[in-house]
Amino acid sequence: MADLATHACPFASEVEVDESYFGASRVRGKRGRGAGRKTPVFGILKRGGRVHTQIVRNCSKAALQGIIKGTIDVSASIHSDGWRAYDGLVEAGFAKHHRIRHNDDQFADDGVHINGIESFWCFSKRRLAKFNGIPNASFPAFLKECKFRFNNRHGDLYRTRPILKS
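What follows is the structure in structure tokens.
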């Protein structure tokens, strides 16, 4: 199933990018981004299409923009949140970059939003919560399963069962 979830076509048209952190709830009283022992994951969603995820070491500008340059076509219109790692995408050669500033209680503005990728994060975290924790070594496989299920959510998964058995 993990092999079926991977694809290497560049994303074009309108895409949403976002990062999320997977892991146990943060310790009460800790301030800041709260990602101490969590696993950072970067995601790209083509609007009306597929999602691509990649586990990253950190969510720095170099790490995220390296993935963006390798998977998104320069003619694409990129939608992101206000995280500073997305600064300079237009200067890097991308056609358009739209931002939503969650800090200002802004979540959608005239077609500019990242609700699609946020929907994937919610779907994945809800699905993985059922297991009451998974080992770090197994996390990539579980994430690929979530990606496969999300990308095929409108299809009949039982039709793919013979492919998975072979």
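With this note's numbering applied, the sequence shown covers 26 to 191.
C-beta atoms are modelled at their ideal positions from N, C-alpha and C, and glycine is treated no differently.
Through-space distance from CYS147 to GLY113, alpha-carbon basis: What you label residue 113 is simply residue 88 of the sequence shown in a count that begins at 1. What you label residue 147 is simply residue 122 of the sequence shown in a count that begins at 1. Using only the alpha carbons, I get a separation of about 28 Å.
Expected contact under 8 Å - CB spacing of ARG72 and VAL40 to nearest Å: The residue you call residue 72 lines up with position 47 of the sequence shown. The residue you call residue 40 lines up with position 15 of the sequence shown. About 7 Å; that satisfies the 8 Å criterion.
Whole-Å CB distance - PHE15 paired with THR96, under 8 Å assumed: Residue 15 lies beyond the range of the chain shown here (26 to 191); nothing can be said about it.
Alpha helix (DSSP H) runs wholly inside the stretch 101 to 173, at least 4 long, in chain order: For the stretch 101 to 173, whole alpha helix (DSSP H) runs of length 4 or above, ordered along the chain, are 140 to 154.
Limits of the beta strand (DSSP E) - the one that GLY68 falls within: Walking along the sequence shown from the start, residue 68 turns up at place 43. Here the beta strand (DSSP E) through GLY68 covers 64 to 71.
Sheet register partners of ALA97 (DSSP bridge): Reading the sequence shown from its first residue, position 72 is the one you call residue 97. Residue 97 is actually Ile in this sequence, not Ala. Residue pairing for ILE97: DSSP places it in a beta bridge opposite PHE36.
Those residues which DSSP pairs with PHE47 across a bridge: Position 22 of the sequence shown holds residue 47. Residue pairing of PHE47 in beta bridges, as defined by DSSP: THR64.
Closest by C-alpha distance to TYR111, when choosing among PRO65, ILE92, THR78: By 1-based counting over the sequence shown, the position of residue 111 is 86. Among PRO65, ILE92, THR78, the Cα nearest to that of TYR111 is on ILE92.
Distance between SER102 and GLY136 (C-alpha atoms, nearest Å): As a working mapping, residue 136 is identified with position 111 in the sequence shown. As a working mapping, residue 102 is identified with position 77 in the sequence shown. If I take the Cα positions, the gap works out to 12 Å.
GLY158 versus PRO65 - alpha carbon distance: Here residue 158 corresponds to residue number 133 of the sequence shown, with the count starting at 1. Here residue 65 corresponds to residue number 40 of the sequence shown, with the count starting at 1. Whole-angstrom Cα-Cα distance: 16 Å.
Buried or exposed (CB count within 10 angstroms, at least 16 for buried), SER105: As a working note, residue 105 is residue 80 in the sequence shown. With 16 or more other CB atoms across the displayed protein chains lying within 10 angstroms of its CB, SER105 is buried.
Chain-order list of residues whose beta-carbon lies under 6 Å from that of GLY180 (same chain, five-residue window excluded): Counted from its first residue, the sequence shown places residue 180 at position 155. Result list for GLY180: empty, nothing under 6 Å.
Inter-residue spacing [alpha-carbon to alpha-carbon] between TYR183 and SER149: Walking along the sequence shown from the start, residue 183 turns up at place 158. Walking along the sequence shown from the start, residue 149 turns up at place 124. C-alpha separation (whole angstroms): 20 Å.
Span of the beta strand (DSSP E), counted from its first residue to its last, around HIS77: Here residue 77 is taken as the residue at index 52 of the sequence shown, counted from 1. Segment 76 to 80, the beta strand (DSSP E) holding HIS77.
Spatial distance of LYS121 from VAL99 (CA atoms): In the sequence shown, residue 121 corresponds to position 96, counting from 1. In the sequence shown, residue 99 corresponds to position 74, counting from 1. One Cα belongs to LYS121, the other to VAL99, and the distance between them is close to 9 Å.
Residue environment, SER44, which counts as buried when at least 16 other CB atoms sit within 10 Å: As a working note, residue 44 is residue 19 in the sequence shown. Correcting the residue type first, residue 44 is Glu in the shown sequence and not Ser. GLU44 comes out buried.
Cβ separation of GLY68 and ILE125, assumed to be a contact under 8 Å, to the nearest whole Å: Here residue 68 is taken as the residue at index 43 of the sequence shown, counted from 1. Here residue 125 is taken as the residue at index 100 of the sequence shown, counted from 1. Their Cβ separation, rounded to whole angstroms, is 15 Å, which puts GLY68 and ILE125 out of contact at 8 Å.
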